[in-house]
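Undergrad:
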Ligand code: MN
């Protein structure tokens, strides 16, 4: 057996604390090689110093204590290969979990997996505080934009179509959504689909309304106090957080899709001949694809919903700096006035929404 070492000597030699050695011994790992039957003192052998290094290496590799004794008894490099595979699987799981955590921190929870709070812990303190304004502008004959704004739902629609069509489509979309949405993502999506059907059926049954349609973007408060955001078309929802403005919706337009595919730069898109061509709107077909997402509101969050009459006249930089104004009503007036002053070639609609928690 060679030289025997007391627990203190073995601790010094192996670098493992006496308490850790006692823990290992009781787990059947590194059991002292000898015990003095008179004093009960335990002794380790010199050979066990090598085992101690192996145990520490296995522990550092994440091998559970219980799996170590068989490895020490008859361990081979093949057993370690199996551990290596397990570790890879484990690392993969951890990376996936980290990705999920990152998504949650990013406050963007895909519609397939919304954040479910147990009903009893739900607080519905989240409240929207909207200020909105919609203007025809100096060029267009009528205002086909529409906006609805309450503490639980804010939505903007940009209607299109001849005669009364555009106005009817946008106002119909907002009333159907307002009736459908009480407080869940499913209701929001169902409301947008119902609005699409209502517009489509009305257009098909009334000759003068043929071809009418509308964009729609909306923010609603769920019963869990989260924000659900939805859009079809190119009306936008932005989030101003910590002074930074971020667009939360994707434009469903030919140019936006070309930009996403890398076929066009954002600058080229701004004066592309197809910049007004939308790939998705409510009305033309019996079914429509709906984008939606869930967001956790932060203290001080401000949202802006608007039609293209605003962002086609003002740069992102202008939007961000005008939104820094603390008074939402003043911010709305400045945004609309500057879009009109810049040309006002289209109807302009803006809702600035401070989120109260
Ligand atoms: Mn427009």
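Numbering (this note's numbering), first residue to last: 24 to 380.
The C-beta atom is built at its ideal place from N, Cα and C for all residues, glycine as well.
1. How would you write the range of the beta strand (DSSP E) that residue 67 sits in, first residue to last?
2. Residues near ligand 1, CB to any non-hydrogen atom under 6 Å, in chain order?
3. Measure from the alpha carbon of residue 368 to the alpha carbon of each residue in 315, 278, 311, 337, then state which is nearest.
4. With a threshold of 16 other CB atoms inside 10 Å of the CB of residue 28, please say whether the residue is buried or exposed.
5. Is the Cβ-Cβ distance between residue 320 and residue 250 less than 8 Å?
6. Near residue 86, what residues of its chain come up, given a Cβ to Cβ distance below 7 Å and the 5 sequence neighbours on each side ignored?
7. Compute the minimum distance between the beta carbon of residue 176 and the heavy atoms of ligand 2, and state whether it is under 7 Å.
8. Just tell me which of 179, 79, 200 has its CA closest to the CA of residue 328.
9. Please report the residue range of the beta strand (DSSP E) in which residue 439 lies.
10. Can you tell me whether DSSP reads residue 38 as helix, strand or coil?
11. Helix, strand or coil: how does DSSP classify residue 205 here?
12. Expressed to the nearest angstrom, what Euclidean distance is found between the alpha-carbon atoms of residue 151 and residue 310?
13. Return helix, strand or coil for residue 81, following the three-state DSSP convention.
14. Mapping DSSP to helix, strand and coil, what is residue 340?
15. Do you know how far the Cα of residue 169 is from the Cα of residue 340?
16. Where does residue 110 land, buried or exposed, given buried means 16+ other C-beta within 10 angstroms?
17. Does the pairing of the stretch 184 to 196 with the stretch 230 to 239 give three or more beta-carbon distances under 8 Å?
18. Over the uninterrupted alpha helix (DSSP H) stretch that includes residue 360, give me the two end residues.
19. Quick check on DSSP: helix, strand or coil for residue 379?
20. With distances taken between CB atoms, is the gap from residue 222 to residue 237 smaller than 8 Å?
21. Using CA coordinates, which residue listed in 263, 271, 266, 303 is at the minimum distance from residue 280?
22. Residue 287 and residue 295 look like a contact to me (Cβ under 8 Å); what is the Cβ gap, rounded to whole Å?
23. Excluding the 5 residues flanking residue 258 on each side, which residues of the same chain have their C-beta closer than 6 Å to its C-beta?
24. On the premise that residue 226 lies in contact with residue 214, defined as a C-beta separation below 8 Å, what is that separation, rounded to the nearest angstrom?
25. Could you compute how far the alpha carbon of residue 101 sits from the alpha carbon of residue 94?
26. Starting from residue 153, trace the beta strand (DSSP E) in both directions and tell me its first and last residue.
27. Terminal residues of the continuous alpha helix (DSSP H) containing residue 287?
28. On the three-state DSSP scale, how would you describe residue 302?
29. Taking residue 197 as the reference, give the member of 83, 324, 355, 173 with the closest Cα.
30. Could you please give the first and the last residue of the uninterrupted beta strand (DSSP E) stretch that includes residue 241?
31. Please state whether the Cβ-Cβ distance between residue 53 and residue 71 is less than 8 Å.
32. Which stretch, first to last residue, makes up the beta strand (DSSP E) that contains residue 168?
33. If you draw a straight line from the alpha carbon of residue 381 to that of residue 91, how long is it in whole angstroms?
TA: Result, derived from the coordinates:
1. In this chain, the beta strand (DSSP E) harbouring residue 67 covers 65 to 68.
2. The set of residues whose C-beta lies within less than 6 Å of a heavy atom of ligand 1 reads, in chain order, 181, 330, 331, 332, 369, 370.
3. Per the Cα distances, 337.
4. Residue 28 comes out buried.
5. Yes.
6. These residues qualify, in order along the chain: 106.
7. As far as ligands go, the structure on display features ligand 1 and does not contain ligand 2.
8. The candidate whose alpha carbon is nearest that of residue 328 is 179.
9. This structure does not reach residue 439, given that the chain is present from 24 up to 380, and the question cannot be answered.
10. DSSP places residue 38 in coil when its eight states are reduced to three.
11. If DSSP states are grouped into helix, strand and coil, residue 205 belongs with coil.
12. Roughly 30 Å between the two C-alpha positions.
13. It is helical.
14. In the three-state reduction of the DSSP assignment, residue 340 falls in the helix class.
15. Spanning the alpha carbons of residue 340 and residue 169 requires a straight line of approximately 25 Å.
16. With fewer than 16 Cβ atoms within 10 Å of its Cβ, residue 110 is classed as exposed.
17. The stretch 184 to 196 is in contact with the stretch 230 to 239.
18. Counting along the chain, the alpha helix (DSSP H) containing residue 360 begins and ends at 351 to 364.
19. Note: residue 379 maps to strand in three-state DSSP.
20. Going by C-beta atoms, residue 222 is nearer than 8 Å to residue 237.
21. When only C-alpha atoms are compared, the closest one is 303.
22. Rounded, the Cβ-Cβ distance is 7 Å, consistent with contact.
23. Only 179, 181, 238, 240, 330 meet the Cβ criterion.
24. About 19 Å; that fails the 8 Å criterion.
25. Going from the Cα of residue 101 to the Cα of residue 94 covers about 10 Å.
26. Where residue 153 is concerned, the enclosing beta strand (DSSP E) stretches over 150 to 158.
27. Element bounds for residue 287: n/a, residue is neither H nor E.
28. In this structure, residue 302 counts as coil in the three-state DSSP scheme.
29. Distances from the CA of residue 197 to each of 83, 324, 355, 173 were compared; the closest alpha carbon is that of 173.
30. Run containing residue 241: 239 to 244, per the beta strand (DSSP E) assignment.
31. Yes.
32. Residue range 168 to 172 is occupied by the beta strand (DSSP E) that includes residue 168.
33. In the structure as shown, the chain starts at 24 and stops at 380, and residue 381 therefore has no counterpart that could be examined.
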